[in-house]
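Counted the way my numbering counts, the sequence shown spans residues 1 to 229.
Note that beta-carbon positions come from the ideal geometry of N, C-alpha and C, so glycine has one too.
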Amino acid sequence: GMRRGGAGAPVPAMASTHRPPLHICAALTAVCVAIALHRPAVAAARPPSRSFADFESFWPLYVQQHSLTTTKLLHGVGTTLVVLSIAVRLGAASSLRVGLGLVSGICLSLLGADATASCSSGLPEAAVMVSLIVGAVRLYSGLPPSQTAAHLACGYVLPWVAHFFVERNWPFAGRRPLAASGVSSGAPGEWCTRPATFSHPTFSLIGDFALLGSLLTGRLPLNATSPAG
1 GMRRGGAGAP VPAMASTHRP PLHICAALTA VCVAIALHRP AVAAARPPSR
51 SFADFESFWP LYVQQHSLTT TKLLHGVGTT LVVLSIAVRL GAASSLRVGL
101 GLVSGICLSL LGADATASCS SGLPEAAVMV SLIVGAVRLY SGLPPSQTAA
151 HLACGYVLPW VAHFFVERNW PFAGRRPLAA SGVSSGAPGE WCTRPATFSH
201 PTFSLIGDFA LLGSLLTGRL PLNATSPAG
């Protein structure tokens, strides 16, 4: 069902009677973060296009694929608009629960990324990621899965405009050696699919938030083509 906000706008009804207390959600999120930070290294045979095992080694490729100023701005604006739309529609308390669910889902998705590391495509990892995020947000906040999926989809609109029409790193433009872009994790004969959302969806989503944070704090200049600037 729907309830009416103060201005008469419809707001998704939240299953508040079935939501865990906020401190339990925070504790569960802390556990998920700890699991993600201390998960064991996976010695799976990775396809050349999915060679990155951790976000630290993936980050230079992400920055290189978002090298233009307009690309960074569109990604930052897209992420910000989604965050603001959730805050305005749901209010502070429910938005906090959604945020905790998002963090928990992403952290658990890193385990999914490890489990699907040997897959030739990033689609299985993406399916696991969306399921875990939708499930965690539903558990913590009661937000219907369709609403969570819609917010995730909206967050990709401006970034994909940037990839198609600004950066022009087409989703199916083929593959090229990582060395050609000056980015490599050290393995010989590596290849990457552009953009990396299709090969490393979890790292790419983390990268969107890392990019926004880096821009807001000034750690990454708008014209940077690498983390070093």
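Tell me which residues share the same chain as GLY155 and place their Cβ nearer than 7 Å to its Cβ, disregarding the 5 neighbours each side in the sequence.
Locating residue 155 in the sequence shown gives position 155, counting from the first residue. So the list reads GLY78, THR79, VAL82, once near-sequence residues are dropped.
For ALA43, three-class secondary structure by DSSP:
Translated into positions along the sequence shown, residue 43 becomes position 43. The answer is coil: DSSP assigns ALA43 none of H, G, I, E or B.
How big is the Cα-Cα spacing for ALA162 and THR69?
In the sequence shown, residue 162 corresponds to position 162, counting from 1. In the sequence shown, residue 69 corresponds to position 69, counting from 1. Spanning the two alpha carbons is a distance of roughly 10 Å.
Taking the continuous alpha helix (DSSP H) assigned at PRO221, which residues delimit it?
Locating residue 221 in the sequence shown gives position 221, counting from the first residue. Counting along the chain, PRO221 falls outside any alpha helix (DSSP H), and DSSP gives it neither H nor E.
Leaving out five residues before and five after TYR140 in sequence, what residues of the same chain have Cβ atoms less than 6 Å from its Cβ?
Counting from one through the sequence shown, the residue named residue 140 turns up at place 140. Taken in chain order, the residues that qualify are CYS25, ARG97, LEU100, GLY101.
Who are the near neighbours of SER214 in its chain, counting only those whose CB is closer than 6 Å to its CB and skipping five residues on each side?
For the purposes of this step, residue 214 is identified with residue 214 of the sequence shown, where counting begins at 1. For SER214, where only same-chain residues beyond five positions count, the Cβ hits under 6 Å are LEU220.
Any chance the stretch 52–59 sits against the stretch 197–208, with 3 or more Cβ pairs inside 8 Å?
yes
Once DSSP output is grouped into helix, strand and coil, what is the label at CYS119?
Walking along the sequence shown from the start, residue 119 turns up at place 119. Coil, per DSSP.
Select from HIS66, VAL134, LEU37, SER226 the residue whose C-alpha is nearest the C-alpha of LEU150.
Counted from its first residue, the sequence shown places residue 150 at position 150. Inspection of the sequence shows that residue 150 is occupied by Ala rather than by Leu. Ranking the options by Cα distance to ALA150, first place goes to VAL134.
Inter-residue Cα distance where the pair is SER243 and ALA44
Limits of the chain in this structure are 1 at one end and 229 at the other, which puts residue 243 out of reach.
Counted within 10 angstroms of its Cβ, other Cβ atoms place ALA168 as buried (16 or more) or exposed:
What you label residue 168 is simply residue 168 of the sequence shown in a count that begins at 1. Correcting the residue identity first, residue 168 is Arg in this sequence and not Ala. Classification of ARG168: exposed, given that the 10 Å Cβ count is below 16.
GLY91 by DSSP, collapsed to three states: which one?
Position 91 of the sequence shown holds residue 91. Looking at GLY91 - three-state DSSP - the assignment turns out to be helix.
Beta carbon of LEU132 nearer than 8 Å to that of GLY105:
Position 132 of the sequence shown, counted from the first residue, corresponds to residue 132. Position 105 of the sequence shown, counted from the first residue, corresponds to residue 105. It is a contact, given that the beta carbons lie within the stated cut-off.
Please classify PHE198 as buried or exposed, where buried requires at least 16 other C-beta atoms within 10 Å of its C-beta.
What you label residue 198 is simply residue 198 of the sequence shown in a count that begins at 1. Burial call: buried.
Relative to the C-alpha of SER94, which residue among PRO20, SER109, VAL31 is closest?
Here residue 94 corresponds to residue number 94 of the sequence shown, with the count starting at 1. Checking every option, the nearest Cα to that of SER94 belongs to PRO20.
Would you please state the rounded distance, in angstroms, between the beta carbons of VAL103 and THR116? I believe it to be under 8 Å.
For the purposes of this step, residue 103 is identified with residue 103 of the sequence shown, where counting begins at 1. For the purposes of this step, residue 116 is identified with residue 116 of the sequence shown, where counting begins at 1. Actually they do not touch by this definition, with Cβ atoms about 21 Å apart.
Does DSSP put TYR140 in a helix, a strand or coil?
The residue given as residue 140 occupies position 140 in the sequence shown. Helix, per DSSP.
CB-CB under 8 Å to LEU242, same chain, minus the five flanking residues each way: which ones, in chain order?
No answer is possible for residue 242: it lies beyond the span of the chain, which begins at 1 and ends at 229.
Closest to PRO227 by C-alpha separation, out of PRO48, ALA41, SER67, ILE35, would be which residue?
Sequence index remark: in the sequence shown, residue 227 carries index 227 (1-based). The option with the nearest alpha carbon to PRO227 is SER67.
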